[in-house]
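Taking our numbering, I'd label the letters of the sequence shown as residues 6 to 114.
From the three backbone atoms N, C-alpha and C, an ideal C-beta is built for every residue, glycine too.
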Amino acid sequence: EYGPWIFTAFKVLKRLKFLRGTAFDIVGHTEERKMERRLRDEYLQTIRGLLPQLSAENHALAVEIAEVPEQIRGFGHVKERHVEKAAKLRAELLRRWSKPGIAVHLATG
């Protein structure tokens, strides 16, 4: 059960914030955190790849692609399942993006 002591613990954690991303960041080395960083990097790479080709015709599809990470929720095995679903959706949307005629038709249809 939590009591007033939890606020003291939060203050300590806040003061240790500078350790994030270093070798002393014990939480940052879990498989889940590594996956989250990988997903973040993939997302940024995807968005940067879409921007040069962005137009009014493919805007709706670009928004769909950008919203894929919103599908990822939960922790542990629940999150893993959502990551798998999101990866399949992302692959399908990027396939549509790579075929402009299809992307325009589906985005406007």
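Taking the alpha-carbon of Glu-41 as reference, which of Glu-62, Arg-100, Ala-28 and His-87 has the nearest alpha-carbon? His-87
Is Pro-9 helix, strand or coil by DSSP? coil
Using the C-alpha atoms, what's the distance from Lys-19 back to Ala-28? 17 Å
In its own chain, which residues sit with a C-beta less than 7 Å from the C-beta of Gly-54, not counting the 5 before and 5 after it? none
Find the nearest neighbour of Trp-102 within the set Lys-84, Glu-69, His-82 and Gly-79, judged by alpha-carbon distance. Glu-69
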